[in-house]
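Below is one structure, written out as structure tokens; comments come after it.
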Amino acid sequence: MKNKGLWIRTLIILAITVAGIYLVFGPRRTPVASDFSWSGIKANLAENINLGLDLKGGSHLVMRVKTDDYLKTLTENNGQAALTTAQDAKLPATAYTVKAENGNYSVNLTLSDTSQQQAVLDEVKKKVDFSAWTQSSSGNDIVWSLPNQAQELMKRQAVDQALKIIESRINAFGVKEPTLQKHGAETSGQILLQMPGVDDPERVKKLIGAESNLSLAKIISPPNPSPVQTYPTKEAALQSIGGAETQTRKVYPYADRDEPSAAGNAKTDPAAKVNKYVVVEYPSVVDGSELREANAVSRTGSEGDYQISFSFKPAGAQKFGEWTGKNINNYMAVVLNGEVKSAAFIKSQIFDSGEISGKFTKTSAEDLALTLKSGALPAKIEYQEERTVGPSLGADSIKAGVEASLGGVAFVIVFMLFYYRGAGVNAVIALLLNMLLTMAALIVIKSTLTLPGIAGLILGIGMAVDSNVLIFERIREELRAGRSISDAIGLGFDRAFITIIDTHITTIISSTILYLYGSGPIRGFAVTLVLGLLINLFSAVFVSRTIFMWLLHRNAKMETISI
4 MKNKGLWIRT LIILAITVAG IYLVFGPRRT PVASDFSWSG IKANLAENIN LGLDLKGGSH
64 LVMRVKTDDY LKTLTENNGQ AALTTAQDAK LPATAYTVKA ENGNYSVNLT LSDTSQQQAV
124 LDEVKKKVDF SAWTQSSSGN DIVWSLPNQA QELMKRQAVD QALKIIESRI NAFGVKEPTL
184 QKHGAETSGQ ILLQMPGVDD PERVKKLIGA ESNLSLAKII SPPNPSPVQT YPTKEAALQS
244 IGGAETQTRK VYPYADRDEP SAAGNAKTDP AAKVNKYVVV EYPSVVDGSE LREANAVSRT
304 GSEGDYQISF SFKPAGAQKF GEWTGKNINN YMAVVLNGEV KSAAFIKSQI FDSGEISGKF
364 TKTSAEDLAL TLKSGALPAK IEYQEERTVG PSLGADSIKA GVEASLGGVA FVIVFMLFYY
424 RGAGVNAVIA LLLNMLLTMA ALIVIKSTLT LPGIAGLILG IGMAVDSNVL IFERIREELR
484 AGRSISDAIG LGFDRAFITI IDTHITTIIS STILYLYGSG PIRGFAVTLV LGLLINLFSA
544 VFVSRTIFMW LLHRNAKMET ISI
């Protein structure tokens with residue numbers, strides 16, 4: 004029975020070792036560098052383990068979500084929605100005003116007949132979310148004010164929403180293992196982004212901060228198939244609606260690319276466009292939040308002739324279908340970020356799809372489609388800090404880390420062999436297995452290895468050696484007390500185990516706290532250290548004891564041991 008248990012232990016060790024070797028040295032997606040230069044080592048590491056910014060090079064960005072702008076926009080939208088809702092119900096609401104002074108946000112809805120106040124409140128409640136606002140009256144106005152506690156909650160929600168949208172855009176862009184998390188104080192609105200391998204962050208920055216405010220609305224134009232009503236200047240467009248924009252009519256620039264200009268023919272030259280202005284009627288029928296899909300599509304196969312096709316979610320498609328059915332023979336504006344990109348003539352009812360034309364390049368069309376799919380940021384962001392770590396600096400970090408690791412391991416091996424002689428071989432085997440399995444575990448959990456992570460790996464090596472020293476010294480004490488070799492080994496492992504568990508648990512608790520409250524590189528240190536400690540319980544205790552058990556199995560009457 005003892006032999007059976009020994010074989011089971013041996014098979015477990017062999018299976019885990021083979022799995023570790025396969026993970027670290029097995030087949031890879033790309034060819035492995037065949038030389039042993041630092042560039043070759045870095046290539047191997049980069050292929051098997053996700054390297055952090057400090058090892059691989061890349062970009063470090065700290066951005067801030069303008070949460071105050073978010074609250075201002077929310078207040079404005081709620082005011083517009085309240086007025087539109089009341090007027091659609093034929094109730095006496097005449098105008099709205101918003102206030103955003105000294106952090107106090109409020110909406111005032113003016114009524115021409117205060118006797119209808121309750122009817123207005125009941126109607127607005129159905130369609131506008133004022134649940135977090137406090138409601139009061141002032142003269143002919145209904146006033147909704149946003150309490151400070153609700154403001155702070157909404158700001159945090161805006162940052163959380165921005166995090167999700169930025170994550171979606173970064174993942175679609177193809178950055179491998181980015182670090183994206185909140186940064187600084189809870190109320191700062193800051194977000195940290197680290198992108199290993201990205202040494203030119205400009206396109207990523209544009210993609211992250213790109214607006215995707217899409218809306219479809221009616222263009223004020225004669226209801227017939229003649230060219231859309233345009234104006235040569237903004238002033239001329241404003242004069243057509245009384246000299247100023249209103250809450251229901253806005254003036255936007257429109258780049259008409261199908262007419263010739265002094266610069267050339269816009270049909271063949273994307274740079275040649277005629278800037279005009281059109282009047283758009285609000286509120287819009289649908290906006291970007293109701294998109295289901297958006298894709299870049301080439302119309303002719305040429306680089307500068309792409310468009311974006313999009314489709315709506317069911318609720319948006321229903322609204323769009325009803326609206327287009329009522330506006331046949333009118334023009335519809337595709338308004339993107341304050342500019343009319345397309346002016347479509349509605350020939351028949353349309354339900355679930357549309358397109359944005361405008362001579363986009365492949366890259367610009369793909370980026371725009373991506374931002375539309377990910378949704379609009381709740382507020383604009385500003386960049387507060389930017390650093391770029393070059394690949395050569397990352398290679399130097401890897402070189403220094405590898406040299407330190409190999410130097411430390413070499414010193415430990417020499418010391419253990421010199422001081423513990425034959426038993427030192429046992430310790431060396433356990434130590435090398437610990438390193439192998441720690442690297443394999445990093446690959447399995449897809450953790451990112453940073454320079455502090457290498458420090459955690461080296462510290463884990465030290466803890467592994469410490470465990471072997473405790474066990475061997477305990478065995479020596481038992482031998483000096485007159486125990487047999489078999490009893491000394493068994494008691495040595497049993498009595499050292501409690502101390503090993505104690506030191507490991509306290510270190511793991513400390514590392515867990517570092518992981519929970521630390522930033523990316525500090526987390527890397529904590530992860531590698533915890534993995535090394537957990538694996539050490541297997542390598543320094545289970546594996547080392549199995550090796551001693553094999554020695555006793557081969558020579559049950561052993562009278563001396565090299566320790």
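Take 4 as the starting number for the sequence shown in our numbering and just add one per residue. Backbone N, C-alpha and C fix where the C-beta goes; we use that ideal spot for every residue, glycine too. Quick caveat, the model's predicted, so the values are computed rather than measured.
By a C-beta neighbour count over all protein chains shown, 10 Å radius and 16 as the cutoff for buried, is residue i buried or exposed?
i: P230; result: exposed
i: P455; result: buried
i: L517; result: buried
i: P162; result: What sits at residue 162 in the sequence shown is Val, not Pro. Answer is buried; the Cβ neighbour count reaches 16.
i: K449; result: exposed
i: R548; result: buried
i: A265; result: Here the model assigns A265 a pLDDT of 30, short of 50, so the residue's position is not dependable, and the following value carries that caveat. Exposed, by the Cβ-count rule.
i: L519; result: exposed
i: A188; result: exposed
i: K270; result: Reliability of the predicted coordinates at K270 is poor, the pLDDT of 37 falling under 50, and the value obtained from them is presented with this limitation in mind. Flag for K270 reads exposed.
i: W326; result: buried
i: G8; result: exposed
i: I223; result: buried
i: L17; result: exposed
Which same chain residues, not among the five before or five after residue i, have their C-beta less than 8 Å away from its C-beta?
i: Q90; result: A96
i: I194; result: V65, M66, R67, V68, V162, A165, L166, I169, L183, Q184, K185, H186, I384
i: K129; result: T88
Do you know how far the Cα of residue j is from the Cα of residue i?
i: W41; j: V405; result: Only weak support is given to the placement of W41: the predicted model assigns it a pLDDT of 48, under 50, and the value that follows is read from those uncertain coordinates. One C-alpha to the other measures close to 9 Å.
i: T441; j: A165; result: 35 Å
i: A543; j: N471; result: 6 Å
i: F28; j: S408; result: 19 Å
i: A444; j: F541; result: 13 Å
i: R498; j: A413; result: 29 Å
i: V447; j: T251; result: 57 Å
i: R390; j: P181; result: 15 Å
i: K344; j: S514; result: 53 Å
i: V127; j: N143; result: 16 Å
i: E481; j: T20; result: 31 Å
i: Y423; j: V546; result: 17 Å
i: G319; j: I353; result: 11 Å
i: N558; j: A484; result: 22 Å
i: A426; j: G23; result: 24 Å
i: A103; j: A153; result: 15 Å
i: G106; j: T70; result: 11 Å
i: N216; j: L54; result: 36 Å
i: Y309; j: K365; result: 6 Å
i: F315; j: H507; result: 55 Å
i: S191; j: P381; result: 16 Å
i: A239; j: A346; result: 19 Å
i: R12; j: G493; result: 16 Å
i: V35; j: L26; result: Residue placement at V35 cannot be trusted, given a pLDDT of 45 that sits under 50; the coordinates are not used to answer.
Can you name the residues that DSSP bridges to residue i?
i: T391; result: S62
i: D290; result: S218
i: K253; result: V283
i: I504; result: For I504, which the question treats as bridged, DSSP gives no partner whatsoever.
i: S514; result: DSSP, once it has assigned bridges, lists no residue as partnering S514.
i: A1; result: Here the chain comprises residues numbered 4 to 566, so residue 1 is not present and cannot be evaluated.
i: T451; result: N53
i: I384; result: V68
i: F28; result: In DSSP, F28 forms no bridge with anything.
i: K102; result: S109
i: I194; result: M66, K185
i: N298; result: S312
Between which residues of its own chain and residue i is the CB-CB distance below 7 Å, once the five residues before and five after are set aside?
i: K279; result: T233, Y234, P235, Y257, D259
i: K322; result: V288, V289
i: W10; result: none
i: A122; result: L94
i: V201; result: G61, S62, V178, V207
i: A85; result: Y99, V110, L112, V127, V131
i: T502; result: L473
Going by beta carbon distance, what residues of the same chain come within less than 6 Å of residue i, once the five residues before and after it are set aside?
i: L350; result: Residue 350 is actually Lys in this sequence, not Leu. Once the five neighbours on either side are set aside, K350 has no close Cβ partner at all.
i: K82; result: Note that residue 82 corresponds to Gly in the displayed sequence, not to Lys. Correct list, in chain order: Y99, V101, V110.
i: L555; result: S489
i: I538; result: N437, L440, T441
i: G459; result: F528, T531, L532
i: V468; result: V415
For residue i, is the beta carbon positioned less than 7 Å from some heavy atom of the ligand HEM?
i: N81; result: Absence of the ligand HEM from the depicted structure is noted, as is the absence of any ligand whatsoever, leaving it without description.
| said: Under 8 Å: do the stretch 458-469 and the stretch 527-546 share three or more Cβ pairs, one atom per stretch? | reply: yes
| Is the number of C-beta pairs between the stretch 77-88 and the stretch 130-148 that are closer than 8 Å three or more? | yes
| request: Decide yes or no for the touch test of the stretch 206-218 against the stretch 241-256: beta carbon pairs closer than 8 Å, at least 3 of them. | output: no
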